[in-house]
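*Asks:* Numbering (this note's numbering), first residue to last: 1460 to 1704.
Glycine included, C-beta positions come from ideal geometry on N, C-alpha and C.
Here you go:
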């Protein structure tokens, strides 16, 4: 019960301090809308393209929302030494970091549903496999959050975390099959795609929305889960090695 209370209070503190601020709420609303409008203008297509664009816009909203928030929450608190006070709490490091990242995961999932809600009024979503789509959103948000944590732990300034995040984020937009199928990439780049977690998340989203997928669903789910575990484990290792003397 004490562990659950600690988890809830850390999560609630982060939600009040970071995630429920007006700039972050507006970011969560405007960013998906901006991406959706950009791809409509770029493609020159009408409402019939909503279903084909929905997986990519949804995944991008999650990716940028989660990694950006972790760059602020973790890096800022480490720089201002407030993270050290949390380390004094009678909770394990694993539970502490799960508490610190849960807010970003929730933020990413909420971000993802902004384009979904818009698409609900503009397109027919009756063919979407929701039992696959929603777990895919949660796993993408978790993997993206832990990627953001891994990056935030490796740097000491917020601007460094944001810059380093772009090193991963922008290649993933073009290499993970969000808007360009992996099969259409040059042969030399295709192996790189399968080293990125978003490739498997994008495959799940495309399969659940349009029925077209590259890999078996069980493989996509397993790969995303493995990425989540690996990134979180590496982040904990780096925290112990770099932040805890």
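Under 8 Å by Cβ, that's how I've got residue 1701 and residue 1612 pegged, so tell me the actual separation to the nearest angstrom.
*Replies:* Here residue 1701 corresponds to residue number 242 of the chain shown, with the count starting at 1. Here residue 1612 corresponds to residue number 153 of the chain shown, with the count starting at 1. Residue 1701 to residue 1612, Cβ: 7 Å. Contact.
*Asks:* Tell me which same chain residues have a C-beta within less than 6 Å of the C-beta of residue 1592, skipping the five on either side of it?
*Replies:* Taking the first residue of the chain shown as position 1, residue 1592 is located at position 133. 1667.
*Asks:* Determine the direct distance from the alpha carbon of residue 1638 to that of residue 1547, and round the result to whole angstroms.
*Replies:* Taking the chain shown and counting its residues from 1, one reaches residue 1547 at position 88. Taking the chain shown and counting its residues from 1, one reaches residue 1638 at position 179. Using only the alpha carbons, I get a separation of about 45 Å.
*Asks:* Look up residue 1549 in the DSSP assignment and say whether it is helix, strand or coil.
*Replies:* Translated into the one-based positions of the chain shown, residue 1549 becomes position 90. Residue 1549 falls in the coil class under three-state DSSP.
*Asks:* Is the distance from the Cβ of residue 1600 to the Cβ of residue 1636 below 8 Å?
*Replies:* In the chain shown, residue 1600 corresponds to position 141, counting from 1. In the chain shown, residue 1636 corresponds to position 177, counting from 1. No; because the gap between Cβ atoms is not below 8 Å, this pair is not in contact.
*Asks:* Taking buried to mean at least 16 other C-beta atoms within 10 Å of its own C-beta, is residue 1659 buried or exposed?
*Replies:* Translated into the one-based positions of the chain shown, residue 1659 becomes position 200. Buried is the call here.
*Asks:* The alpha helix (DSSP H) that contains residue 1582, what's its start and end?
*Replies:* Sequence index remark: in the chain shown, residue 1582 carries index 123 (1-based). Run containing residue 1582: none; DSSP gives neither H nor E here.
*Asks:* Going by DSSP in three states, residue 1672 sits in which element: helix, strand or coil?
*Replies:* Here residue 1672 is taken as the residue at index 213 of the chain shown, counted from 1. Three-state result, residue 1672: coil.
*Asks:* Quick one: which unbroken alpha helix (DSSP H) runs of 4-plus residues sit fully inside the stretch 1558 to 1617? Chain order, please.
*Replies:* 1589 to 1613
*Asks:* Is the beta carbon of residue 1518 sitting closer than 8 Å to the one on residue 1664?
*Replies:* Translated into the one-based positions of the chain shown, residue 1518 becomes position 59. Translated into the one-based positions of the chain shown, residue 1664 becomes position 205. Annotated as proximal: residue 1518 and residue 1664, with beta-carbon spacing under 8 Å.
*Asks:* Rank 1689, 1587 and 1550 by C-alpha distance to the C-alpha of residue 1513 and give the top, closest one.
*Replies:* By 1-based counting over the chain shown, the position of residue 1513 is 54. Ranking 1689, 1587 and 1550 by Cα distance to residue 1513 puts 1587 first.
*Asks:* I need the straight-line Cα distance from residue 1509 to residue 1629, nearest angstrom please.
*Replies:* Here residue 1509 refers to the residue found at position 50 of the chain shown. Here residue 1629 refers to the residue found at position 170 of the chain shown. So the alpha carbons of these two residues sit roughly 22 Å apart.
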